[in-house]
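Remarks on the structure that follows.
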Amino acid sequence: MTKQALPHGLWPSPITPAMLAGGIRLNDVQWSPDGNYMVWSQSLDGKTSLFAKPAHDPAFNLSGELNPSGGVGYGGGDFCAGREGVAFAERNGRLYFKPYADGVARPITPAFGGCASPVITPDERFVIFVHTYENKDVLAIVPLDGSAWPRILRQGADFYMQPAVSPDGKLLAWVEWDHPNMPWDGTRLYLAALNAQAGSLSDVRLLDGDENVPVFQPIFSRDGSQLAWLSNAGELDQLKLLHLASGEVETLVQDRVMMPPAWVQGMHALAWSPDSQQIYFLENQLGQTSLRSINLNTREISEIDTTPYTHIEQPCVSAKGELALIAQSAAKPPRVLRIANGQTEVIARSQSEVLPAAFLSQPQAIAWQSSDGVTVHGLYYPPANPDFEVEGAPPVIVYIHGGPTSQVFDAFNLEADFFTSRGYAYFAVNYRGSTGYGRAYRDALRGAWGKVDLQDTIEGTQALIARGLADPARLIIKGGSAGGFTLLNALVHHPGFFKAGLCSYGVSNLFDLDTHKFEAHYNTSLVGELPAAVKKYHAWSPVFHADKIRDAIAVFQGSDDKVVPPEHSESIVRVLRANRVPHEYKLYEGEGHGFRKKGNLIDYYDTVDRFLKQHVIFSFEEEA
0 MTKQALPHGL
10 WPSPITPAML
20 AGGIRLNDVQ
30 WSPDGNYMVW
40 SQSLDGKTSL
50 FAKPAHDPAF
60 NLSGELNPSG
70 GVGYGGGDFC
80 AGREGVAFAE
90 RNGRLYFKPY
100 ADGVARPITP
110 AFGGCASPVI
120 TPDERFVIFV
130 HTYENKDVLA
140 IVPLDGSAWP
150 RILRQGADFY
160 MQPAVSPDGK
170 LLAWVEWDHP
180 NMPWDGTRLY
190 LAALNAQAGS
200 LSDVRLLDGD
210 ENVPVFQPIF
220 SRDGSQLAWL
230 SNAGELDQLK
240 LLHLASGEVE
250 TLVQDRVMMP
260 PAWVQGMHAL
270 AWSPDSQQIY
280 FLENQLGQTS
290 LRSINLNTRE
300 ISEIDTTPYT
310 HIEQPCVSAK
320 GELALIAQSA
330 AKPPRVLRIA
340 NGQTEVIARS
350 QSEVLPAAFL
360 SQPQAIAWQS
370 SDGVTVHGLY
380 YPPANPDFEV
390 EGAPPVIVYI
400 HGGPTSQVFD
410 AFNLEADFFT
420 SRGYAYFAVN
430 YRGSTGYGRA
440 YRDALRGAWG
450 KVDLQDTIEG
460 TQALIARGLA
470 DPARLIIKGG
480 SAGGFTLLNA
490 LVHHPGFFKA
500 GLCSYGVSNL
510 FDLDTHKFEA
520 HYNTSLVGEL
530 PAAVKKYHAW
540 SPVFHADKIR
550 DAIAVFQGSD
560 DKVVPPEHSE
570 SIVRVLRANR
580 VPHEYKLYEG
590 EGHGFRKKGN
600 LIDYYDTVDR
610 FLKQHVIFSF
620 EEEA
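The numbering of the sequence shown is numbering that gives the first Met the number 0, which starts it at 0 and goes up by one.
Printed below as a string of structure tokens:
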């Protein structure tokens, strides 16, 4: 079939704003202890639901009208699958228990504060969970039947995460840390004797971690003889093992990227086999995540075949040896998978999957040398549409991820496909500060946020131009939150380099980030401690230099954003308006940090498409 010639940015595409707004977010998947039920969490249009699937019967909605949602920090840790039912945190701050069999979900805690990461004890009599109230986090315990008030098991640290109970119910392991650290900077792993009936801990021992060594996901073997976890005491990560009988700690795997940044509760990257002879773990290599296992008898490491998927999350193994995980690739939207006896079954899908693969761009890992001699990474998505082509380098959407401690993976990216199917290229910059490339790479942003991220963005885009992959006259920069911060600084310090910007809830004033507890001291690491770093805060806050912006920019903001309040966007918009800079401002009522409502998402992508045609595509044609 002969392709039609049509300018970049004007290609008709089957990927509509409604498609981007209608996708389901798959959050977590677990097995019941006996392996009889697979339970997963999914979200759509601001509503989260729990589904359970028995071995040989269809899945069913477990949570009904309730809205399971972990209420600690950024969320996560929505539920725990038990033998008889599921304990879950509800958005109203209560813990509930819902049997798999017929019956109603019953509350087991009062409605105060927020709950997350429930863990049902092996005897199914108690639930241990992370609780927050009036800015104080604790580990708490409550009877599963709700017959008594919760008791505090552990307090004193600023944050708690990932509680784990031994199979005999006698030991509890958990992760905790304090300000000013983030959980990837340094945390502590503790082990203690648990008396669930009395609601108490004894013989509390520090196993690993400190202010500079983060630890992640303690998990007991099925036979209760060993405890595994991830640690990072150097450049790359280690998988460690404690033999509980002897107290011996050994390193099983090292010099790999295995630990994801713990932005939310409930993340897991490790799983034990039923016979306690294998540990499954995730490995991140240049944006692709694979599943591996280590045999504890032979110490042999094997890769689990998850073809054709390139990004794996939340792996878990049933008592029957069945794997469950969330998997995706550039051509495969996120799915909940069951893998058993060499066979893979799709249990749940995030998209309808009606799009032909020819409209989905295959990302290419790309690297370049920074001016100060560091190899920097990104992913380049070329235009992809089987019906159209045009000579010449394409306009490029330069995407800056948020966090900034985060990463863009080689995974399903319908937003990228929205643009590439219309004739744009899409370039995701994993600037220094991103995860996935070792600790030195991530720590390179410490004290340099606003400088190094900007440098890598500009130099990465220049590398694309030099390779003929980007039209220098039609460059667009896009980002939200921390990515919006870099975007605004790019327009401030490099006017005319980009043709337009697409900024969502971007940080504009480093002095005015009175954010929630989790990130309360994040700036201290990223920029510096005040008042010593006051010059940095002023130099790198876009709001103080917004009069230098002259390129067209569309600004999007949620009215209820508690992380980056609306004033950050509105202070920029006031300057744009006063200086008559071409711009558009959309304030979405009822939205927080990230847009969830279908109508708002449709409007967002419709606005972006129209804005780029007006200020980049047609503007370019007029100038030519």
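C-beta: ideal position from N, C-alpha, C; glycine also.
Environment of residue i [buried if 16+ CB atoms lie within 10 Å]
{"i": "His242", "result": "exposed"}
{"i": "Glu620", "result": "Annotation note: pLDDT 45 at Glu620 (below 50); position unreliable, no value reported."}
{"i": "Ala623", "result": "In this prediction, Ala623 has a pLDDT of 39, which is less than 50 and means its spatial position is unreliable; nothing more can be read from the coordinates."}
{"i": "Lys2", "result": "exposed"}
{"i": "Pro332", "result": "buried"}
{"i": "Ser351", "result": "exposed"}
{"i": "Ile151", "result": "exposed"}
{"i": "His515", "result": "exposed"}
{"i": "Gly557", "result": "buried"}
{"i": "Phe510", "result": "exposed"}
{"i": "Arg441", "result": "buried"}
{"i": "Arg124", "result": "exposed"}
{"i": "Thr638", "result": "The first residue shown for the chain is 0 and the last is 623, placing residue 638 beyond what the model contains."}
{"i": "Gln368", "result": "exposed"}
{"i": "Ser12", "result": "buried"}
{"i": "Arg187", "result": "buried"}
{"i": "Pro494", "result": "exposed"}
{"i": "His130", "result": "buried"}
{"i": "Arg334", "result": "buried"}
Continuous alpha helix (DSSP H) stretch holding residue i: start and end
{"i": "Ile601", "result": "Lys597 to Leu611"}
{"i": "His537", "result": "Val533 to Ala538"}
{"i": "Thr523", "result": "Tyr521 to Leu525"}
{"i": "Arg438", "result": "Arg438 to Asp442"}
{"i": "Leu468", "result": "Per DSSP, Leu468 belongs to no alpha helix (DSSP H) and is neither H nor E."}
N- and C-terminal bounds of the beta strand (DSSP E) containing residue i
{"i": "Met160", "result": "Phe158 to Val164"}
{"i": "Phe219", "result": "Val214 to Phe219"}
{"i": "Thr343", "result": "Gln342 to Arg348"}
{"i": "Glu414", "result": "Taken as a continuous stretch (DSSP letters only), Glu414 belongs to no beta strand (DSSP E), being part of the alpha helix (DSSP H) at Leu413 to Thr419."}
{"i": "Pro117", "result": "Gly113 to Ile119"}
{"i": "Ala17", "result": "Not the beta strand (DSSP E): Ala17 falls in the alpha helix (DSSP H), residues Pro16 to Ala20."}
{"i": "Gly377", "result": "Thr374 to Tyr380"}
Reduced DSSP category for residue i - H, G, I as helix; E, B as strand; rest coil
{"i": "Met37", "result": "strand"}
{"i": "Asp546", "result": "helix"}
{"i": "Lys477", "result": "strand"}
{"i": "Val85", "result": "strand"}
{"i": "Leu143", "result": "coil"}
{"i": "Lys450", "result": "coil"}
{"i": "Ala4", "result": "strand"}
{"i": "Ser42", "result": "strand"}
{"i": "Pro581", "result": "coil"}
{"i": "Glu299", "result": "coil"}
{"i": "Ala623", "result": "Residue confidence for Ala623 is low, a pLDDT of 39 falling below 50, so the modelled location carries little weight; the figure read from the coordinates is stated next. Ala623: coil per DSSP, three-state reduction."}
{"i": "Pro53", "result": "strand"}
{"i": "Gly593", "result": "strand"}
{"i": "Ala357", "result": "helix"}
{"i": "Asn60", "result": "strand"}
{"i": "Phe496", "result": "coil"}
{"i": "Leu229", "result": "strand"}
Cβ separation of residue i and residue j, assumed to be a contact under 8 angstroms, to the nearest whole Å
{"i": "Ala489", "j": "Thr456", "result": "6 angstroms"}
{"i": "Leu354", "j": "Ile119", "result": "Their Cβ separation, rounded to whole angstroms, is 40 angstroms, which puts Leu354 and Ile119 out of contact at 8 angstroms."}
{"i": "Tyr504", "j": "Gly479", "result": "6 angstroms"}
{"i": "Lys597", "j": "Gly589", "result": "Contact doesn't hold; Cβ gap of about 12 angstroms is too wide."}
{"i": "Ala481", "j": "Val506", "result": "6 angstroms"}
{"i": "Val345", "j": "Leu359", "result": "Rounded, the Cβ-Cβ distance is 18 angstroms, inconsistent with contact."}
{"i": "Asp184", "j": "Pro213", "result": "6 angstroms"}
{"i": "Ala551", "j": "Pro581", "result": "4 angstroms"}
{"i": "Pro121", "j": "Gly155", "result": "With a Cβ gap of about 27 angstroms, Pro121 and Gly155 do not count as contacting."}
{"i": "Arg204", "j": "Ala191", "result": "7 angstroms"}
Strand pairing of residue i, partner residues [DSSP]
{"i": "Ser201", "result": "Ala192"}
{"i": "Gly320", "result": "Per DSSP, none; premise fails for Gly320."}
{"i": "Glu283", "result": "Residue identity differs from the one stated: residue 283 is Asn in this sequence, not Glu. Asn283 pairs with Thr288."}
{"i": "Ser48", "result": "Gln41"}
{"i": "Tyr132", "result": "Lys135"}
{"i": "Thr404", "result": "Note: Thr404 sits in no beta bridge, so no partner."}
{"i": "Leu67", "result": "The sequence shown places Pro at residue 67, rather than the Leu named in the question. Pro67 pairs with Glu89."}
{"i": "Gln264", "result": "Gly75"}
{"i": "Glu249", "result": "Leu240"}
Test: residue i CB closer than 8 angstroms to a CB of chain B
{"i": "Lys2", "result": "Among the chains of the structure shown, chain B does not appear; only one protein chain is present."}
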